[in-house]
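Right, one structure below, let's go through it.
This is the structure we're talking about:
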């Protein structure tokens with residue numbers, strides 16, 4: 001995947017791009033989250049990051065698009081209502097990662113095979129609908 005396309009995807013998703021081999025990784029920290037686990041503050045990327053990967057598929061102009069998004073409990077339904085408007089994007093998991101975290105965090109996994117720019121735009125719109133700027 002071209003570095004310029006990876007940079008464009010990062011801009012749409014308001015994240016940082018990293019190219020590893022042919023895979024574009026975009027990471028965006030939820031700077032608005034103040035999280036504790038077991039009563040201790042954490043800023044770990046494992047806890048507060050939105051993560052995306054875009055991987056080329058042989059002989060196609062589409063990519064395998066994957067995402068793991070950290071959402072507050074109250075952001076989940078607005079996000080899902082917005083993302084369900086996409087015919088291409090599948091919600092593949094909704095779950096928690098941690099015990100005894102505050103506030104309650106829910107992780108949503110997405111997957112699709114489609115134009116990566118369209119995937120990024122659709123996810124960005126859904127995040128905005130959920131109140132994530």
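In UniProt numbering, the protein residues as written are 1 to 133.
No residue lacks a Cβ here, since even glycine has one placed at the ideal position from N, Cα and C.
Nothing here was measured: the structure is a model prediction, and the numbers come from that model.
- Task: In the DSSP assignment, find the unbroken beta strand (DSSP E) run with residue 51 in it and report its ends.
- Result: 49 to 56
- Assign residue 57 to one of two classes, buried (16 or more other C-beta atoms within 10 Å of its C-beta) or exposed (fewer than that). exposed
- Message: Residues in the same chain with beta-carbon distance under 7 Å from residue 3, minus the five sequence neighbours each way, listed in chain order, please.
- Response: 19
- Express the C-alpha separation of residue 5 and residue 129 in angstroms, rounding to a whole number. 25 Å
- alpha helix (DSSP H) runs contained entirely in the region 31 to 115, provided each spans 4 or more residues: 45 to 48 and 73 to 83
- Item | Cβ-Cβ separation, residue 82 to residue 13 (assumed contact under 8 Å), whole Å | That pair is no contact at about 15 Å.
- Message: What residue range does the alpha helix (DSSP H) around residue 20 cover?
- Response: Element bounds for residue 20: not the alpha helix (DSSP H) but the beta strand (DSSP E), 16 to 20.
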